[in-house]
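**Q** Protein chains in written order, with this note's numbering: chain A, 2 to 162; chain B, 85 to 258. From the three backbone atoms N, C-alpha and C, an ideal C-beta is built for every residue, glycine too.
(1) Given a threshold of 16 other Cβ atoms within 10 Å of its Cβ, counted over all protein chains shown, does residue 17 of chain A qualify as buried or as exposed?
(2) Could you please give the first and the last residue of the uninterrupted alpha helix (DSSP H) stretch that includes residue 120 of chain B?
(3) Mapping the DSSP letters down to three states, classify residue 118 of chain A as helix, strand or coil.
(4) Going by C-alpha to C-alpha distance, which of B/110, B/202, B/141 sits closest to residue 247 of chain B?
(5) Is there a Cβ of chain B sitting closer than 8 Å to that of residue 9 of chain A, yes or no?
(6) Does the segment 104-111 of chain B come close enough to the segment 137-151 of chain B that 3 or more CB-CB pairs lie under 8 Å?
(7) Among the candidates A/96, A/85, A/11, A/6, whose CA atom is the shortest distance from the CA of residue 38 of chain A?
(8) Hey, how far is the Cα of residue 3 of chain A from the Cα of residue 114 of chain B?
(9) Assign residue 128 of chain B to one of two classes, buried (16 or more other C-beta atoms within 10 Å of its C-beta) or exposed (fewer than that).
(10) Spatial neighbours of residue 212 of chain A within its chain, please: CB distance less than 7 Å, with the 5 preceding and 5 following residues excluded, ordered by chain position.
(11) Starting from the C-beta of residue 234 of chain B, find all residues in its chain whose C-beta is less than 8 Å away, skip the five residues before and the five after it, and write them out in chain order.
(12) Taking Cβ-Cβ distances below 8 Å as the criterion, which residues of the segment 41-52 of chain A are in contact with chain B?
(13) Count the other C-beta atoms from every protein chain shown that fall within 10 angstroms of the C-beta of residue 210 of chain B, then say buried if there are 16 or more, exposed otherwise.
(14) Which residues does DSSP list as the beta-bridge partners of residue 60 of chain A?
(15) Grab the span of the alpha helix (DSSP H) containing residue 108 of chain B for me, first residue to last.
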């Protein structure tokens, strides 16, 4: 391989398109050619600077009536996101509570486990309630940054007894 | 900042390429509002170009026009800010803002160095580094042989290295 051929392989290497076969040939050439070795090193240096110097922010393209509008991505205010999260937790907790309530009081169309008459299942609902409650308390203790979920679930379960 | 574009004839191109044009311009200019100005200018040029002679390779045409427009804008800004920059250099810089200034200066240097490349070299470098195209894709877009693209690429990087020589002071590579 001469230096002219090596220049094309150096381009492949700098462009991330060098095959294994070509890499072996280029390595053999570079071992004996300072000029091509420097060419590769200089190119890597420039590419490093170009790639780290800047990245473009994300922008939005939206349709507004008969116009297209290009704008910087708008971040939803944190408190709005927090309120939505809080509302979702309450909603889920309420639904969970209603479901448990229905099963414990026999309000659902499915007969409660206790009504099947097996002695072991008679006390299963309160045990399950306590189990969920203690699991929530344990979860709260493990992760005190999410107290709302635990409080809501405990309140719902307490009201259902 | 919001840019509004007229509907109909350039809408499709805008929808497809506006984010790319913004990204190319932002990488060179580092300022959101300047990049938005370039987007506006580029699509106005696109509209005129399409009326006269629609480009065969829209993406390549838009990239090339964006880069040229960005470099023109940067040159104008540089001339306008020369006096202000001198004053800023004389003022002490807080440690926290030094990193930001360094990155801004680096981006300016890269853009200025790109401005001194030949147009084919600049095209290839932008397409390869900032657009992630393969040599074959660039060759197809420009209607030249892949070997020509590779030669432009290597020579562009060599020229950039020379232009950025003050950045390598004290480092191993010559």
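**A** Let's see:
(1) exposed
(2) 116-136
(3) Note that residue 118 of chain A scores 41 on pLDDT, short of 50, meaning its location in the model is unreliable; the coordinates nonetheless yield the value given after this. It is coil, neither helix nor strand.
(4) Of the candidates B/110, B/202, B/141, the one whose C-alpha sits nearest the C-alpha of residue 247 of chain B is B/202.
(5) yes
(6) yes
(7) A/11
(8) It is roughly 41 Å from the alpha-carbon of residue 3 of chain A to the alpha-carbon of residue 114 of chain B.
(9) exposed
(10) The structure shown does not extend to residue 212 of chain A, since chain A spans only 2 to 162, so no value can be given for it.
(11) 219
(12) 42, 43, 44, 46, 47, 48, 50, 51, 52
(13) Residue 210 of chain B sits buried, since 16 or more C-beta atoms from the chains shown fall within 10 Å of its C-beta.
(14) Per DSSP, A/73.
(15) 95-113
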